[in-house]
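> Residue numbers (our numbering), protein chains in the order written: chain A, 7 to 998; chain B, 7 to 998.
Backbone N, C-alpha and C fix where the C-beta goes; we use that ideal spot for every residue, glycine too.
On a predicted model such as this, the values are computed, not experimentally measured, just so you know.
1. Could you confirm whether any beta carbon from chain A is found closer than 9 Å to the beta carbon of residue 846/B?
2. Report yes if the CB atom of residue 578/A is closer than 9 Å to the CB atom of residue 586/A, and no otherwise.
3. Quick one: what does DSSP say residue 839/B is sitting in, helix, strand or coil?
4. Suppose only complete runs of 4+ residues qualify. What are the alpha helix (DSSP H) ranges in the region 773–844 of chain A, listed by chain order?
5. How many angstroms separate the CA atom of residue 988/B from the CA atom of residue 816/B?
6. In the DSSP assignment, the beta strand (DSSP E) including residue 134/B goes from what residue to what residue?
7. Near residue 611/A, which residues of its chain fall below 8 Å by C-beta distance, leaving aside the five closest residues on each side in sequence?
8. In the DSSP output, what is residue 615/B paired with across the bridge?
9. Strictly by DSSP, which residues pair up with residue 441/B?
10. State the DSSP-derived secondary structure class of residue 471/B, mapped to helix, strand or coil.
11. Using beta carbons (cut-off 9 Å, strictly below), is residue 25/A in contact with chain B?
12. Helix, strand or coil: which one does DSSP assign to residue 997/A?
13. Taking the alpha carbon of residue 88/A as the reference point, which residue from 194/A, 317/A and 468/A has its own alpha carbon closest?
14. Taking only the alpha-carbon atoms, compute the straight-line gap between residue 125/B and residue 784/B and give it to the nearest angstrom.
15. Leaving out the 5 sequence neighbours to the left and right, which residues in its chain are closer than 6 Å to residue 866/A when beta-carbon positions are compared?
16. What are the start and end residues of each continuous alpha helix (DSSP H) run of 4 or more residues lying completely inside the region 306–338 of chain B, in chain order?
17. Compare the C-beta of residue 274/B with all C-beta atoms of chain A and state if any pair is closer than 9 Å.
18. In or out: residue 685/A buried (at least 16 other Cβ within 10 Å) or exposed?
19. Less than 6 Å between C-beta atoms, sequence neighbours within five positions excluded: which residues of the same chain meet that for residue 630/B?
20. Taking only beta carbons into account, state which residues of the region 138–171 of chain B come closer than 8 Å to chain A, listed in chain order.
21. With a 10 Å radius around its C-beta and 16 neighbouring C-beta atoms as the bar for buried, classify residue 935/B as buried or exposed.
22. From which residue to which residue does the alpha helix (DSSP H) around residue 743/A run?
23. Are there 16 or more other CB atoms within 10 angstroms of the CB of residue 379/B, so buried, or fewer, so exposed?
24. Output needed in chain order: residues of the region 209–220 of chain A with a Cβ under 8 Å from some Cβ in chain B.
25. What does a CB cutoff of less than 7 Å around residue 399/A pick up in its chain, not counting 5 residues either side in sequence?
26. Is it right to say residue 368/A is buried, meaning 16 or more other beta carbons lie within 10 angstroms of its own, or is it exposed?
27. For residue 991/A, tell me which candidate among 894/A, 57/A and 44/A has the shortest Cα-Cα distance.
28. Mind checking whether residue 58/A and residue 79/A have CB atoms under 9 Å apart?
29. Taking the alpha carbon of residue 641/A as the point to measure from, which residue in 210/A, 670/A, 717/A and 963/A has its own alpha carbon closest?
30. Output yes or no for whether 9 Å exceeds the beta carbon distance between residue 315/A and residue 364/A.
Here it is as structure tokens:
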């Protein structure tokens, strides 16, 4: 292993990095060494590489876990500014480590880094070697709340795991550290003893005192304007906090306070450092970035129409941005072309992780010329009595550089103006495309955008090259520092990674010849086909439907899908399948292989990128999965030793939200709310609910869920069942986490549904109360999902119709208030939920007028649901349409403040008497809440209402009569109102 | 600089060292990293190399001092066990650094390391590169109170200074750290800011609390039997202590307590670590050391006498051991030879730092045979009446393996015995020498001895080879793992560093041919001659007399003296000369060059070892001296800014002794004692004394004296004079530190003498009171020197005769007691001083009887002195001799308890009456204290005394008469007693 450290050191010093030593106080990551976290600030260049033993007390495992250490070794590289080819430099460093990058599958998989606490973030990837994460690669964008200019590239190698892979060992202790000595021999005792210190023996009171002392010392150093010792003490603070945390000694309140304090100090350190460097005159000088490319000054003439190829070459895009970017760029090119007069054929776009390709057929060589009339003054004001041009006309003519005699007369909107007709000469195609395509690049944007070594561009990942060809001719496009050419980049490990493109025609074939499948659909089909074939070789199958999202993601992780079948030991099949599939999907992007009946087989399909040594890549991926399953088995066995109740005590250590307290607090509130809401359940359900409520969320404190959070509920069910809880309780605990997403199923059991509701009501009320309602795209606690969950559950459980939104929110509010938190208007929360419901219904394709009509019922979604169904069944029902029209007419006529009472004695005209009598007959039956019942009862009123309006002047002169007539109509209105919002139906029925 | 770190890393990993990272908490030296301090314990092998940024808050200088940093870089290597050739491996590492070891003067200069606090020590060297200390090289002997088995070699490179020398820069900031970036650019800001923290801004109360917390955490970890986290916290403790110290916040009491605590913890950590490793079964296995050499079983025959060469090859001996070892080995060989019957010529020995050579001429080929009589039973018991051998005789004969008939008869002491004459056959020379020389090596010892990779041998430095030749034949000698041969080692940088020796004859010439001067006297002469010649080239001279000790040392630092004249800038001559010469002598072993009138010239003579590039070596040495003088100038300028009073306040921070308090306490006591003792001085002297006493020892707090302790007093004089104190005060402050050694002069001024006496009386009384009296060879506070100083001062200042030892010690005791320390019998102290005086006189060659005679007067050495002179002048004076004999006779006759009074009326015999009358005449004059006066008065008594004894029987029957006679004699005795101890003169005069 030490050879590897030396090889990396040599590699990076040869590339101009200076070497510094690990920091001489405990740090959790190389990033925290001042050589990174402070040096990335400000304009000075900085290239550094160093080893950083990274201390993470929480990862202490007494040296027993094969992959987890309280101190692991990072090798950290900072390149500031971005050298423009950091990925290529990085890949060469792997070769320096002895990794054959041609044989192995090396991938850049989206992984962004953010430490909101210190106002720091960056975009980048985890680098995979045959599925193993070996490096974190980040373009550092912000630190200490300051935007970084220039941006730094941070490369963090996880040395132990690289070495374990290279040496083919499965426990860190077996790493050959140096000739004749293993990692375990060299560091095993320290690993054990420091684990003891961090997990069992560090004195809590002492560490708390140390925390205070360090924080105060940091404060003093800031006041003395000494960022270096201040930073040192922030680090000591942070390490001490980690020690306390691993000792389980940090309460939620303390955690929040501690974080706030460290965050504040860290930000001040950054600011102060930047200030000090400026005061010192930036001793290392200023970074230089590539200059802007020279924009073309003249353009060649083109004579024939030709196809256009425009390729934007990027570093690996996040999968969801691949498809999105293709569409966005296509749209941008198309609409910009439309704004010109250039004739062209179809605009199509394709994308892979590394390129967005736009192809336009038949682009004309020039824009045609175009004429336009430039309007001057009114003719009446343009010439004086003698017919001579006035001063106004003369001025206009001068401005247009024509003689006044050349002024033309044109009539517009009935007024005669003078003016001049001008010819806009069409531009040559190269001039048009040059500007247009340059703009497309300059305007590229994604969900999250970043900067790199370019002064102006910004995108989700760096844009590194442009190809622009019209037929076989280069289109002279520039975008900031980039100049388009005819050279594209193919696989980085190709013999020639940069190749010239002769012509725009047949570019997809050209790419295919270089092993690149530009089309998303083709790539996806290939993956599905190959995976299916591979699965079949072990009598298995792939759940194409169920894995659809994963397949989409995989499709956009590769340019050249190369599916490989791997296997794992059958012994792991003893673990709950959700664990196995979660690991495969979420961590490894492997497709699980199942029997036709859906049971897992000990196989998986991994999709590598491009050609590689299949055996090596298979072996690598299998080893990674084995390690992950080992980890999971370790957690599984450890968790099974702890009774659910005992485990639940651990919730007190898990923070939920600063004001709302810990997960234990939240679980207690959920249990209480569930108790309130479930008052009317059957005895059996009630007993299940009570027990499940007592255990609610206990699995969040399990090692498995802490590691794989998406298994919350799944593990609760497993652990509860295995600890002897009744099956129903276990299922309720599983159910209460459902639905996890819009595509997930709601709880199947009633006690589970009540718990799930209580969970979400608490979340909504609590977080709204503390001001954490979602804003814009920010919804850190997933409240939109929670609201949708409430609706989904209530829709799925009509039997729980007594649990309205209003009641549920009110019940939750009681317990949030009990925690001393002011809960004001619950209306906002209800409105928020109803909006999600509305969205759900609209997304499901319901007519927006029908949806609007039932929204007043949304407080009980099951009934809104059935009303909606009822409405939709009546589409085309003339009788219903007539009723709707009549009721709408009633509503329109009656002022809103009219009360629903009248003196029948005042009604004397036949039409009004008839209506009155019909209403008396129907009114009891109309009070039914279900639409069908109402319609049955109310339909007889349609005729009398229409007659009433035909015959009667509602607004009679006699006020008593008028009042009686209005009262009659208001009574009908109010009887109809609870059923649905009739006005909202609009003309949807009238139109039929 | 980073290239150098990488080169060293590569060099040592290529030699089987593993690399570890610097420790992730602040350490003061690489030794403290657990990879050294813990791993050297126990039997497991360990080879490691690492960089260690070493944090020493005390060295913080805001980055301003060119050579001093709060964090400097060590490169640390541990080789366990000693590989047998660590020096050679080390030299090759310098070549790996690009140092031409043939061009430069590289030397191993004795420098031992001890940290008594933690029970750790080792012997070794500082390695000099052209006079620059670049590495500490230590054979680690003990750590944490445990003897190390095997011994580890510790090599600590001081990286910044090596690089400064290699790059030829004079400020650390100018080091080219990596391409394009200097050390100052990379680390300058941190150096400044951490200096601020350590010197000015760290919060004292916080750091004190941290110290407590760390110490307690270490304690708890020890109790939990976790040595690794315990050690971590001891280190944190230690660093915090250093921070407090550099903030000037540690009082003497606190320092003592803190040290005691850290020491205790560190020792426990070591013990626990060793135990734990044993419990773990020594995971790294056990070290293996070279096996014992096979002792010769048979010996070749030698026929002719031949010369013997025996060479013991060592690593660089401490200079004082070179000459001592030569003598000791010569003596050992000679006495062992004397115990054999082997004939041989002269035994001579020579020594250099790397070899002890014994040459014996004309060694006979064999011992002659020898006969001896083995005595059996008495003849009377050997044969029965019939002449047959008795059982006793038979048994004896059987035991001697002879026939009883062969028994001989021999008379011894008048008794006839039977027995047998046996012949001891002489052994061959090779057999004799083999055993004898092997023993010499096995019994080698020095003042301080060490172990290396040999299981049995022990010496001041490792013995690495043996040459034993008799004529041209190898003598088969073995000593533990060593086997003698004919190969010797010459200069390590020679083309062939190991060369065969053909024959014992002419070995000194053989060595001379290889550039090695074996004879100490020849080397010394060469040095003196060359230095004198070089000095003459700049019209200068060398003070051969004054530098005699230094020349002796230099002589034993080289095998091949190569004197080089260097120079320094004249501007440094503005500094006090003592500073310049102290640096030259003490730090650099350079000979100062002076004018004939004794003024310093800006030149020096350095003595390199062996051939080298003179210009390079000169330049190197000049650069080192320049850096040292720059440092000194820095201190000088800084000190001059501080007034003596202000500086004196710093004494409170300097510890003297735990119970006796700080230097400030001690200075206060000295001032008080001086006030008491100086009561009778003249007004002028008294005023000088008072002022000097007020400032006493102030310069100990100066940066210069903290750096160069031997300048205490010198700097006091300089700084006092420059701050405007009267010349006399400055001189008194200078004087009070004299004499510094037995060869130094006592104070010249009376106030200085009084202060110097007060200083030493305080030291003696105080340290005896706290139980720190010297024992054996241990005299850490230099009390023997202090006692000798008292005597020297009193001898030099007869005017201060009223200051007797008794009075001085009593005065000191008053102030020691005032500090709450119990002072019991001062007799011990006085006795201790008197013994030193006795030794001084004997060493000066006085007759031991004369010395003994005046010792009763030692309480006032000046008068003892004059009495001794008087005695010596009377040697050969018959009259005096007669007086002495008479007085001794008186003393002998009179019982000790006889009182000196008598009734003259009882004396009736003429001889007694005559004596009485003579005594009455003389007695008043005899009461004079001076010997001369006494003799003048007493001589007339000689005759009457002798007559008295001739004529009178003292022991008369009449008791009254007897009492009168004894009283008469006792009166004479008592009059003579105060003058000297007459009996002690013995027969020294009688013999004349």
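Let me lay it out:
1. Here the question's residue 846/B lines up with position 840 in the second chain. Answer no: the Cβ-Cβ gap between residue 846/B and chain A never drops below 9 Å.
2. In the first chain, residue 578/A corresponds to position 572, counting from 1. In the first chain, residue 586/A corresponds to position 580, counting from 1. The answer is yes: Cβ separation under 9 Å.
3. Indexing the second chain from 1 puts residue 839/B at position 833. Of the three classes helix, strand and coil, the one that applies to residue 839/B here is helix, per DSSP.
4. 789–802 and 811–824
5. Walking along the second chain from the start, residue 988/B turns up at place 982. Walking along the second chain from the start, residue 816/B turns up at place 810. One C-alpha to the other measures close to 29 Å.
6. The residue given as residue 134/B occupies position 128 in the second chain. Counting along the chain, the beta strand (DSSP E) containing residue 134/B begins and ends at 126–135.
7. Indexing the first chain from 1 puts residue 611/A at position 605. Same-chain partners within the cutoff: 536, 537, 540, 541, 548, 569, 570, 571, 572, 596, 597 and 599.
8. To locate residue 615/B, count along the second chain from 1; it is residue 609. For residue 615/B, which the question treats as bridged, DSSP gives the partners 567/B.
9. Walking along the second chain from the start, residue 441/B turns up at place 435. DSSP, once it has assigned bridges, lists no residue as partnering residue 441/B.
10. One-based indexing of the second chain puts residue 471/B at position 465. Residue 471/B: strand per DSSP, three-state reduction.
11. Here residue 25/A is taken as the residue at index 19 of the first chain, counted from 1. By this cut-off, residue 25/A is an interface position.
12. Taking the first chain and counting its residues from 1, the one referred to as residue 997/A is at position 991. Confidence at residue 997/A is low in this model, with a pLDDT of 48, below 50, so the placement of that residue should be treated as unreliable; the coordinate-derived value is given next. In the displayed model, residue 997/A falls within coil according to three-state DSSP, outside both helix and strand.
13. Position 82 of the first chain holds residue 88/A. If we check each option's Cα against that of residue 88/A, 468/A comes out closest.
14. By one-based count along the second chain, residue 125/B stands at place 119. By one-based count along the second chain, residue 784/B stands at place 778. Residue 784/B has its alpha-carbon roughly 16 Å from the corresponding atom of residue 125/B.
15. Stepping through the first chain from its first residue, residue 866/A is reached at position 860. Excluding residues within five positions, the ones whose Cβ falls inside 6 Å are 807 and 810.
16. none
17. The residue given as residue 274/B occupies position 268 in the second chain. Taking Cβ atoms only, chain A never reaches closer than 9 Å to residue 274/B, which makes this a no.
18. Mapped onto the first chain, residue 685/A falls at position 679. By the 10 Å Cβ count, residue 685/A comes out exposed.
19. Your numbering for residue 630/B matches position 624 in the second chain. Once the five neighbours on either side are set aside, the close Cβ partners of residue 630/B are 137 and 138.
20. Contact annotation: in the region 138–171 of chain B, no residue has its CB less than 8 Å from a CB in chain A.
21. Position 929 of the second chain, counting from 1, holds the residue named residue 935/B. When all chains shown are included, residue 935/B counts as exposed.
22. Stepping through the first chain from its first residue, residue 743/A is reached at position 737. Careful: residue 743/A lies outside any alpha helix (DSSP H) and carries neither H nor E.
23. Within the second chain, the letter at position 373 stands for residue 379/B. Residue 379/B comes out exposed.
24. 209, 212, 215, 216 and 219
25. For the purposes of this step, residue 399/A is taken as residue 393 along the first chain, with counting starting at 1. Answer for residue 399/A: 382, 383, 388, 389, 410, 413 and 424, listed in chain order.
26. Here residue 368/A refers to the residue found at position 362 of the first chain. Exposed, by the Cβ-count rule.
27. Here residue 991/A corresponds to residue number 985 of the first chain, with the count starting at 1. Checking every option, the nearest Cα to that of residue 991/A belongs to 894/A.
28. Taking the first residue of the first chain as 1, we reach residue 58/A at position 52. Taking the first residue of the first chain as 1, we reach residue 79/A at position 73. Yes.
29. Translated into positions along the first chain, residue 641/A becomes position 635. The residue with the shortest Cα to Cα distance from residue 641/A is 717/A.
30. Against the first chain, residue 315/A aligns to sequence position 309. Against the first chain, residue 364/A aligns to sequence position 358. Yes, the Cβ-Cβ distance between residue 315/A and residue 364/A is below 9 Å.
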